[in-house]
Amino acid sequence: MEDDDSDDEANQAQTKEEAAEIQCNCDRTYGAYKELLKTIPGFQEKLKIAGGEVLTTYYSMLTKGANDTRSDDISILKRSIAVWLNKLPETKPHFLPDDRSNCGIQHNMAGKLLCPIEFEWDDLE
14 MEDDDSDDEA
24 NQAQTKEEAA
34 EIQCNCDRTY
44 GAYKELLKTI
54 PGFQEKLKIA
64 GGEVLTTYYS
74 MLTKGANDTR
84 SDDISILKRS
94 IAVWLNKLPE
104 TKPHFLPDDR
114 SNCGIQHNMA
124 GKLLCPIEFE
134 WDDLE
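Written out as structure tokens, the structure is:
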């Protein structure tokens, strides 16, 4: 009987988390929609008269644009961080902006920056 109660509680917690995630996605989508209405003149009217095929094309173009932008942003960010870290005198060896082989915790400077705050990177224990 107790196992059934704990399963019910776990299911309710999971359902609440799922509902919160769905609400967050809805809020984000609605916010993006409002921004599109502000940015693209006549977009709301186009949506009202557009058929399913046109809407599918709009959605595909928006998704592709979002994915391309995210990819470009991350690529630029990685290069910018490498250049910035290379300016620090303690960065040895230097990061190669387009090479991932010397990144992460195997590089002393990157490891120091990635190390959780409750640990001391220089403490070998």
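For the sequence shown, the working numbering assigns the number 14 to the initial residue and increments by one for each residue that follows.
We put the beta carbon where it would ideally sit given N, CA and C, even for glycine.
When DSSP states are grouped into helix, strand and coil, Asp20 belongs to the helix group.
Residue nearest to Glu103 within the set Tyr72, Lys125 and Ala32 is Lys125 (criterion: CA-CA distance).
Take the alpha-carbon of Asp20 and the one of Lys29: they are about 14 Å apart. Only exposed fits Phe132, as fewer than 16 other CB atoms lie within 10 angstroms of its CB.
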